[in-house]
Each structure stands twice: as structure tokens, then as C-alpha cells.
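What follows is one structure encoded as C-alpha cells, with my remarks underneath.
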Amino acid sequence: MVILLSSFFISLISLTIIFGRKLIAIREQEEKIVEQEHAETDIPYMAEIKEIIIRKIKKYGYLGIETIIRIYFRSLNFLKARYEEFKKKIEGKNNVENKFSDRKTNGFLKMVSDYKHKIRQIKHKVKEEEKKP
Numbered sequence: 000m001v002i003l004l005s006s007f008f009i010s011l012i013s014l015t016i017i018f019g020r021k022l023i024a025i026r027e028q029e030e031k032i033v034e035q036e037h038a039e040t041d042i043p044y045m046a047e048i049k050e051i052i053i054r055k056i057k058k059y060g061y062l063g064i065e066t067i068i069r070i071y072f073r074s075l076n077f078l079k080a081r082y083e084e085f086k087k088k089i090e091g092k093n094n095v096e097n098k099f100s101d102r103k104t105n106g107f108l109k110m111v112s113d114y115k116h117k118i119r120q121i122k123h124k125v126k127e128e129e130k131k132p
């Protein structure tokens, strides 16, 4: 999640830098064009063309940012869904392992294990009594 957020903000910052450089270049060209307009009067509709170009650049810039944000959120939702599926698979595997521990023990086996335990205790007591004399 942190990686996605950092990559999103890095790409957003890089886009602003790119658009900033483009705007600086456009402004420098405008200054040159203004100087040329005074010298040449061949292109009377340059201001209209400039406005149209600026509107198109803004429009496509907004569309680009919108698509980047949409892709970001779709990939985020996709990763969340995959994480939940993976989490369920792991929980399912853990439940299969724990399924056998939830069963009741067989009465006969329990009786045999109790019998063995009692025999060990008796053997231990006998060994202690043999050591005492």
C-alpha cells in the first residue's frame, strides 16, 4: 500500500514538473511570438489559435490525470481483492490442519494412555523404593 501511494505521488509530482516545463516553454514562445507580431502582421488569428491550443492542452492534461487516478484505484481494488483471496486460502489451510485437533479422542485410546501413565508412575515409585534401602 505504501509503495502504491509513493509511486502515485511520485508520478503526480513528475507530471506537474513536466507540465510546468511545458508551460514555461509555451510562455517563452509567446514572448517571441508577441515580438514577432509587432514585426509581422501576417497572422491575425494567433491569439485565437493560442487560446484553442491552451484549452486542448488543459483538456488532455485533465484526461491524463483522470486516467492515471482511475488506473491507480482499479489496481488498488484489484490488489485488495487478491489479498482477501490469498488470506482466505491461508485460513482454509490452517483450518484443515486444525480440523483434526478438534475431534474427540477415542475412549479406548484414552483408556490405554491412562493405563500407560499409571504404569510409568508405578515403575517410578518402585525404582525410588529400591534406591532407599
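Residue numbers (numbering that gives the first Met the number 0): 0 to 132. The C-beta atom is built at its ideal place from N, Cα and C for all residues, glycine as well.
Contact check for Gly60 against Phe7 fails: the beta carbons are separated by 8 Å or more. Taking 4 residues as the minimum length, the alpha helix (DSSP H) runs contained wholly in the stretch 61-130 are 106-130, in order along the chain. In the three-state reduction of the DSSP assignment, Met45 falls in the helix class, which pools H, G and I. For the pair Ile48 and Thr15, the Cα-to-Cα distance works out to about 24 Å. For the pair Lys92 and Ile2, the Cα-to-Cα distance works out to about 29 Å.
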